[in-house]
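Residues -24 to -1, 1 to 89 (mature numbering (1 follows the signal peptide of the UniProt record, and there is no 0)) make up the sequence shown, in order. All C-beta atoms in this analysis are idealised placements derived from N, C-alpha and C, irrespective of residue type, glycine included. Just so it is clear, the structure is predicted and the values come from calculations on it, not from any experiment.
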Amino acid sequence: MNKKIVVILLLSLAFTLISPFVFNAFVADKPAELPYKAVFGAPFPYLGQVKELPEDTASYPVIVEFNSPFEEETDFSVIPFALSLLCFFLLFFSIYTIIARFMDRKPAEKEPK
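What follows is the structure in structure tokens.
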């Protein structure tokens, strides 16, 4: 069981680290302050980057993409990262448990007459 938990934890960590690249920030209206701090990650955003958005109100909504932390300064939040990791872990662990339960089920024995 410990190997399975470690594998599920590594899978959850991989999904948590990949999530900022998959889920982009969406800005529907022009924010009050420019430059805008966009947050990335899922299900709890844990990375923030300051982005320049257009001044023109007509160019909204805008989709803001995440840049690599090596290319741009990035703020990291520990608690949302831990919550995201926990959510992915619980999701994958529950899916694994449900599938394993159905795979390990023994066929029902018929009672002799």
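Which whole-angstrom value describes the C-beta separation of residue i and residue j, a residue pair presumed to lie in contact below a C-beta threshold of 8 Å?
i     : j        : result
Thr50 : Gln25    : 5 Å
Phe52 : Tyr22    : 7 Å
Ala4  : Pro37    : 5 Å
Phe69 : Ile(-17) : 5 Å
Suppose the cutoff is 6 Å on Cβ atoms and the five residues either side in sequence are ignored; what does the same chain contact list for residue i look like?
i       : result
Phe57   : Tyr22
Phe64   : Ser(-13), Phe(-10) and Thr(-9)
Ser(-6) : Gly17 and Ala18
Lys13   : Gly24 and Val26
Val15   : Pro21 and Gly24
Return yes when the Cβ of residue j is within less than 7 Å of the Cβ of residue i, no when it is not.
i        : j     : result
Pro11    : Glu28 : yes
Leu(-15) : Phe20 : no
Taking DSSP's pairing of strands, which residues face residue i in a bridge?
i        : result
Tyr12    : Lys27
Asp51    : Gly24
Ala58    : Bridge partners of Ala58: none, in fact.
Val(-18) : Paired residues: none, contrary to the question.
Ala4     : Its beta-bridge partners do not exist; DSSP assigns none.
Val40    : Ala1
So, with DSSP's three-state summary, where would you put residue i?
i       : result
Phe78   : helix
Ala18   : coil
Pro(-5) : helix
Phe65   : helix
Within its chain, find whatever has a CB closer than 7 Å to the CB of residue i; leave out the 5 residues flanking it on each side and keep chain order.
i          : result
residue 98 : Residue coverage of the chain in this structure runs from -24 to 89, which leaves residue 98 outside it and unanswerable.
Thr33      : Lys6
Go through its chain and collect everything with a Cβ distance to residue i's Cβ below 8 Å, but skip five positions before and after it.
i          : result
residue 93 : It is not possible to answer for residue 93, since the shown part of the chain is limited to -24 through 89.
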